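Undergrad: Under my numbering, think of the first position of the sequence shown as 650, with each following residue one higher.
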Amino acid sequence: MKRATTAAERRRLYIAVVLFFFAGAIGVSGQNGPPKEESKREADLIELIKLDPTIKLDIRYATDNNFVGKKVYPEARAFLQRPAAEAVVRVHKRLAVDGLGLAIFDGYRPWAITKLFWEVTPEDKRKFVANPERGSKHNRGCAVDLSIFELKTGKLVPMPSDYDEFTERASPDYAGGTEEERRNRDLLRKLMEAEGFTVNANEWWHFDYKDWESYAIYDISFEEAEKASSN
650 MKRATTAAER
660 RRLYIAVVLF
670 FFAGAIGVSG
680 QNGPPKEESK
690 READLIELIK
700 LDPTIKLDIR
710 YATDNNFVGK
720 KVYPEARAFL
730 QRPAAEAVVR
740 VHKRLAVDGL
750 GLAIFDGYRP
760 WAITKLFWEV
770 TPEDKRKFVA
780 NPERGSKHNR
790 GCAVDLSIFE
800 LKTGKLVPMP
810 SDYDEFTERA
820 SPDYAGGTEE
830 ERRNRDLLRK
840 LMEAEGFTVN
850 ANEWWHFDYK
860 DWESYAIYDI
870 SFEEAEKASS
880 N
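#1: Would you kindly work out how many angstroms separate the C-alpha atoms of Glu-772 and Val-746, rounded to a whole number?
#2: How should Leu-795 be labelled, buried or exposed, when 16 other C-beta atoms within 10 angstroms of its C-beta is the threshold for buried?
#3: On the CB-based measure, 16 or more other CB atoms within 10 Å of its CB, does Ala-850 come out buried or exposed?
#4: Look up Thr-763 in the DSSP assignment and say whether it is helix, strand or coil.
#5: Can you find the residues in the same chain that come closer than 7 Å, C-beta to C-beta, to Lys-689, ignoring five residues on each side of it along the sequence?
#6: Would you identify the three-state DSSP class for Ala-865, choosing helix, strand or coil?
#7: Measure the alpha-carbon distance for Trp-767 versus Glu-829 and round it to whole angstroms.
#8: How many Å lie between Phe-670 and Leu-706 at the Cα?
#9: Give me the residue from Asp-701, Asp-835 and Ser-870 with the minimum Cα distance to Asn-788.
#10: Please check the pair Leu-751 and Val-737, which I expect to be a contact at CB under 8 Å, by giving their CB distance rounded to whole angstroms.
#11: Given this structure, state the Cα-to-Cα distance separating Asp-890 from Asp-822, to the nearest angstrom.
#12: Cα-Cα, which of Ile-695, Glu-687, Phe-754 and Arg-831 is closest to Asp-813?
#13: Here's a check: name, in chain order, each residue in its chain whose Cβ is nearer than 8 Å to the Cβ of Glu-686, leaving out the five neighbours to either side.
#14: According to the Cβ coordinates, are Arg-832 and Trp-853 closer than 8 Å?
#15: Residues in the same chain with beta-carbon distance under 7 Å from Arg-731, minus the five sequence neighbours each way, listed in chain order, please.
Structure representation (structure tokens):
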């Protein structure tokens, strides 16, 4: 993937990641847990592929192919709160009529990973990552990063930028790129908005579900999320 960082910046990011995990994810800010919230709905995180196994998983954070340059998820899985997950499945089925489908980059994200991303990201790029002091909609299970792929070939369709590319091309309103790229991006936005999602102002791939404020910020593992959903 394309990255808007130099080799020196990537080395610093890698060192920061190693130190972060070695320190037990405590971090320089000293905040060692997510913000406390009350009167929130009970979590109902569901794994997307259990609702529809034809959804494509492209979980970059379970590989080295991400802006950190290091694997930060133990496995490639994607969870969302059930209403958001069901809405994503409806978009996927709508695309299937035209031989297309949804490819998922990320869903629910443990708070500790949001904290990691904040601490390893240069200050001038932090508009692309969530501040752990406020938490992320990903931490609530109500944000999803995704794109469109061709069912026949399995390939992602062209978009104006790569996933997690920290440049102006990532904006959902970027006027550059090719007509095909903009058309694909706008199609994704149109279908997701019709199901109650709002696109992130800086990232065409990031969509927040309308009900996100009713859920708390979580810092549980994928395994814990799976156990909770099976109870």
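Using N, Cα and C, we set each Cβ at its ideal position, and we do this for glycine too.
None of these values were measured; they are calculated from a predicted model.
TA: Inspection of the coordinates gives the following:
#1: 43 Å
#2: buried
#3: exposed
#4: helix
#5: Ser-863, Tyr-864 and Ala-865
#6: coil
#7: 33 Å
#8: Confidence in Phe-670 is poor, its pLDDT being 49 and thus under 50, which makes the residue's placement too unreliable to answer from.
#9: Ser-870
#10: 7 Å
#11: Residue 890 falls outside the range modelled here, since the chain spans only 650 to 880, and no answer is possible.
#12: Phe-754
#13: Ala-865 and Ile-866
#14: no
#15: Asp-693 and Ile-695
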